[in-house]
Amino acid sequence: MLHRTFCHAPGVGPSLEARLWAAGFHDWDAVLAVSPADLPVPPARRGLLRQTVEESRERLAAGTMEDVAWFAARLPAREAWRLWSSFRDQAAYVDIETTGLGIGEDHITTIACQDATGLRTFVHGQTLDDFRSALDHCRLLVTFNGKCFDAPCIERQLDMPLPMAHLDLRYPLKKAGLRGGLKVIEKTLGLDRGELDGVDGFAAVLLWQGYRATGDARWLETLLSYNAADVLSLERLSARTHNLLVEGTPFDLLEQLPEPMPPANPIPAHQDIVREVLRRMGK
DNA sequence: AGGCCACGCCACGACAGAAC
DNA sequence: GTTCTGTCGTGGCGTGGCCT
1 MLHRTFCHAP
11 GVGPSLEARL
21 WAAGFHDWDA
31 VLAVSPADLP
41 VPPARRGLLR
51 QTVEESRERL
61 AAGTMEDVAW
71 FAARLPAREA
81 WRLWSSFRDQ
91 AAYVDIETTG
101 LGIGEDHITT
111 IACQDATGLR
121 TFVHGQTLDD
131 FRSALDHCRL
141 LVTFNGKCFD
151 APCIERQLDM
161 PLPMAHLDLR
171 YPLKKAGLRG
181 GLKVIEKTLG
191 LDRGELDGVD
201 GFAAVLLWQG
211 YRATGDARWL
221 ETLLSYNAAD
231 VLSLERLSAR
241 THNLLVEGTP
251 FDLLEQLPEP
261 MPPANPIPAH
271 QDIVREVLRR
281 MGK
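Position 13 of the first sequence, counting from 1, maps to 13 under the UniProt record's numbering, and the rest follow consecutively.
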């Protein structure tokens, strides 16, 4: 979808982009194939549009982290979803758990990261520092509400800059009509958390506390299972977001993509631990 | 419950095209 | 050439909603 995008050019908003599409300029090649005078945009904007399209073609072909970040910086936030189909192979889906909502002394307890190489988890006091190199090959960071929560936490607590493009699914999903938190949206799409049903972010705090208090690895494993579940659905949600938002363009049929089922969660959740946590939560 | 970001709304400026 | 009108993009501000 990115190669059909013009609203990242200065002076081109939703209206002008729609005018270009309606006039048959369906991708960058079509714009470069005609003289600037034939473009259906105000004369003062033709030069910059052509220049942006030329640079876009080069940057999409190069596809370095800087190139992807260049697109992300120029796209209006509401159109950031268009990055995903072009860079999904270099995407990393990330979610963190913490001891709270960042008030006072709260810190990251675990991180789950899924990318082309598979699922990895990182634990405070054990392997958390390894996360610093986990995103070395990542061109596109994908999260849910990560712009507000996960990314600032990681940057602040691990002192780890995140310069790559960042797609926060919360906003495009809302634009596509899917509101509410991650679990609510998963249920709407028929995705089942299985034995982790009812476990939420606050439960994750209790799971960490239980692990610290008992040293029992089953508490940690259940926490990691929950953390993993949060990232394993993100690729599917990204595809659904893409497909729903592509429906609002003239390229609905051309750009629809298969929606992969989330992989099975490789980390077991222990039922007795889940029951105990839900009991402590009054559920 | 705190922090953070995008969104919605509005006002404003730039520009193109029409009318005179 | 000037003026008016409509369209479009941009920036500022307040607010809602999501994370653990």
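Glycine included, each C-beta is placed from N, C-alpha and C at the ideal position.
Just so you know, these numbers come straight off a predicted model, no measurement behind them.
State buried or exposed for Gly146, treating a residue as buried only when at least 16 other CB atoms are found within 10 Å of its CB. buried
Evaluate the contact criterion for the region 264 to 272 versus the region 167 to 187: three or more CB pairs, one atom per stretch, below 8 angstroms. no
Neighbourhood of Leu182 by C-beta distance below 6 angstroms, restricted to the same chain and skipping five residues each side: Non-local C-beta neighbours of Leu182 in its own chain, meaning closer than 6 angstroms and more than five positions away in sequence, comprise Phe144, ordered along the chain.
Are the region 238 to 254 and the region 172 to 179 touching, with three or more C-beta to C-beta distances below 8 angstroms? yes
Using the DSSP secondary-structure output, state which residues sit across from Gly118 in a beta bridge. Asp115
Grouping DSSP H, G and I as helix and E and B as strand, with all else coil, what is Ile185? helix
Distance between Glu259 and Val53 (C-alpha atoms, nearest Å): 29 angstroms
Coarse secondary structure for Val53, derived from DSSP in three states: helix
With Glu255 as the anchor, note down where its alpha helix (DSSP H) starts and where it stops. 252 to 255
Pairwise C-alpha distance: Ala62 and residue 293: With the chain covering only 1 through 283, there is no way to say anything about residue 293.
Classify Ala165 as helix, strand or coil using the three-state DSSP reduction. strand
Measure the beta-carbon distance from Ala269 to Glu155 and round it to whole angstroms, keeping in mind my assumption that it falls under 8 angstroms. Wrong, their Cβ atoms sit about 29 angstroms apart, outside the cutoff.
Just tell me which of Phe149, Gly180, Pro163, Asp89 has its CA closest to the CA of Glu66. Nearest option by C-alpha distance: Pro163.
Grouping DSSP H, G and I as helix and E and B as strand, with all else coil, what is Thr249? coil
First and last residue of the uninterrupted beta strand (DSSP E) at Ile96: 91 to 98
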